[in-house]
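Taking this note's numbering, the leading residue of the sequence shown gets -7, the next gets one more, and so forth. Quick reminder that beta carbons are idealized off the backbone N, C-alpha and C, glycines included. On a predicted model such as this, the values are computed, not experimentally measured, just so you know. A short worksheet on the structure shown next.
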Amino acid sequence: MERILHMLERYRPFNEQEARDREQMLCFLRRNPNALTRENSIAHLTASAWVVNPARDQALMAFHNLYGAWSWLGGHADGNPDLLQVALEEVAQESGLTRLRPIVRDLYSLETLTVDGHEKRGQYVPSHLHLNCTFLLEADPGDPIRPKPDENRAVRWFSLEQAVLASTERWMRERIYQKLNQKLSSIS
């Protein structure tokens, strides 16, 4: 957990959402060391990736079964404190991509995400928070992709603008995906 706390402490927020979410995450994680696993049913750590092509004009999205929406890729830390590794593994599992490269190894974005109660594998999962750390990855759109049927039913590349518009989740469109695209212009 110390590694994650250090990463969050040195992260420079891009906007007010990130600043407030960073404060919330640090406060919660200092008091709840079990937030690295799903044992903490109130909030736990997740890692996502904004996967772009080398020209940085396309982003990879998956049509997520649980949300019924086009979404970025990522998943639960499940005890792994190396959140970049979690993001890389989740993208590979969910898309079939094997040649992924971090554009920067540092945290790219952070956000506290709400998850409504839902059924998963026949059991009810109560509403909770994902303390999400996002990493910026690069992949070649020419590499083969495939869905992971138990998690998503499609994976595809969109232009950056279309990636935002493809999501039917208004909050994610306006607060997350637009922000991720805005931040791309500051990465050389």
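Checklist entry - Contact check, Glu31 vs Leu18 under 8 Å by CB: the rounded distance? => result For the purposes of this step, residue 31 is taken as residue 39 along the sequence shown, with counting starting at 1. For the purposes of this step, residue 18 is taken as residue 26 along the sequence shown, with counting starting at 1. Between Leu18 and Glu31 the Cβ distance is about 20 Å, and since that is not below 8 Å, they are no contact.
Checklist entry - Quick one: what does DSSP say Glu103 is sitting in, helix, strand or coil? => result Numbered from its first residue, the sequence shown carries residue 103 at position 111. In this structure, Glu103 counts as strand in the three-state DSSP scheme.
Checklist entry - According to the Cβ coordinates, are Ala131 and Ala79 closer than 7 Å? => result On the sequence shown, position 139 is the one that residue 131 refers to. On the sequence shown, position 87 is the one that residue 79 refers to. In this structure, Ala79 does not lie closer than 7 Å to Ala131 by Cβ.
Item to check | Rounded separation between Val44 and Ala61 - CA only | outcome: Counted from its first residue, the sequence shown places residue 44 at position 52. Counted from its first residue, the sequence shown places residue 61 at position 69. The straight-line gap from Cα to Cα measures roughly 19 Å.
Checklist entry - Taking all protein chains shown into account, do 16 or more other C-beta atoms lie within 10 angstroms of the C-beta of Glu103, making it buried, or fewer, making it exposed? => result The count along the sequence shown starts at 1 and reaches residue 103 at position 111. Buried, since its Cβ has 16 or more Cβ neighbours within 10 Å.
Next on the checklist: If you reduce the DSSP assignment to three classes, tell me which class Tyr169 lands in.
Outcome noted: Counting from 1 along the sequence shown, the entry for residue 169 is found at position 177. Here DSSP, grouped into helix, strand and coil, assigns Tyr169 to helix.
Checklist entry - What residue range is occupied by the uninterrupted beta strand (DSSP E) comprising Leu128? => result Taking the sequence shown and counting its residues from 1, one reaches residue 128 at position 136. The continuous beta strand (DSSP E) containing Leu128 extends over residues His120 to Glu130.
Next on the checklist: Using a Cβ distance threshold of 8 Å, determine whether the stretch 22 to 30 contacts the stretch 54 to 71, with at least three qualifying pairs required.
Outcome noted: The stretch 22 to 30, when compared against the stretch 54 to 71, does touch it at the 8 Å Cβ threshold.
Checklist entry - For the alpha helix (DSSP H) that Leu80 lies in, which residues bound it at each end? => result Residue 80 sits at position 88 when you count from the first residue of the sequence shown. Here the alpha helix (DSSP H) through Leu80 covers Leu75 to Ser87.
Checklist entry - What is the residue span of the alpha helix (DSSP H) that Leu152 lies within? => result Stepping through the sequence shown from its first residue, residue 152 is reached at position 160. Its alpha helix (DSSP H) spans residues Leu152 to Ala158.
Checklist entry - If you follow the beta strand (DSSP E) that Phe20 is part of, which residue opens it and which one closes it? => result Along the sequence shown, read from residue 1 onward, the residue named residue 20 stands at position 28. For Phe20, no beta strand (DSSP E) segment is defined; the enclosing uninterrupted segment is the alpha helix (DSSP H) at Glu8 to Arg23.
Next on the checklist: Taking 6 Å as the cut-off, is the C-beta of Thr90 nearer than that to any heavy atom in the ligand MN?
Outcome noted: Among the components of this structure there are no ligands whatsoever, and the ligand MN is therefore not found.
Checklist entry - What does a CB cutoff of less than 7 Å around Val83 pick up in its chain, not counting 5 residues either side in sequence? => result Within the sequence shown, the letter at position 91 stands for residue 83. Within the same chain, Cβ atoms closer than 7 Å to the Cβ of Val83 are found at Ala41, Val43, Leu65, Leu89, Leu92 and Leu129, the five residues on either side in sequence being excluded.
Checklist entry - Is Glu86 near Lys140, with beta carbons less than 7 Å apart? => result To locate residue 86, count along the sequence shown from 1; it is residue 94. To locate residue 140, count along the sequence shown from 1; it is residue 148. Yes, Cβ-Cβ distance for Glu86 and Lys140 is below 7 Å.
Item to check | Nonlocal neighbours in the same chain, by C-beta distance under 8 Å from His56, ignoring five residues either side | outcome: The residue given as residue 56 occupies position 64 in the sequence shown. Around His56, the same chain offers Trp62, Ser63, Glu143 and Asn144 as residues with beta carbons nearer than 8 Å, after the five sequence neighbours per side are excluded.
Checklist entry - Measuring CA to CA, which of Leu157, Ile137 and Val156 is closest to Arg148? => result What you label residue 148 is simply residue 156 of the sequence shown in a count that begins at 1. Here the closest residue by C-alpha is Ile137.
Next on the checklist: According to DSSP, simplified to helix, strand and coil, what is Arg145?
Outcome noted: By 1-based counting over the sequence shown, the position of residue 145 is 153. When secondary structure is reduced to three states using DSSP, Arg145 falls in the strand class.
Checklist entry - Under a three-way DSSP split, which group does Arg91 fall into? => result By 1-based counting over the sequence shown, the position of residue 91 is 99. Arg91: coil per DSSP, three-state reduction.
Checklist entry - When you compare each of Gln170, Leu21 and Val107 to Ser101 by their alpha carbons, which one comes out closest? => result Indexing the sequence shown from 1 puts residue 101 at position 109. Distances from the CA of Ser101 to each of Gln170, Leu21 and Val107 were compared; the closest alpha carbon is that of Gln170.
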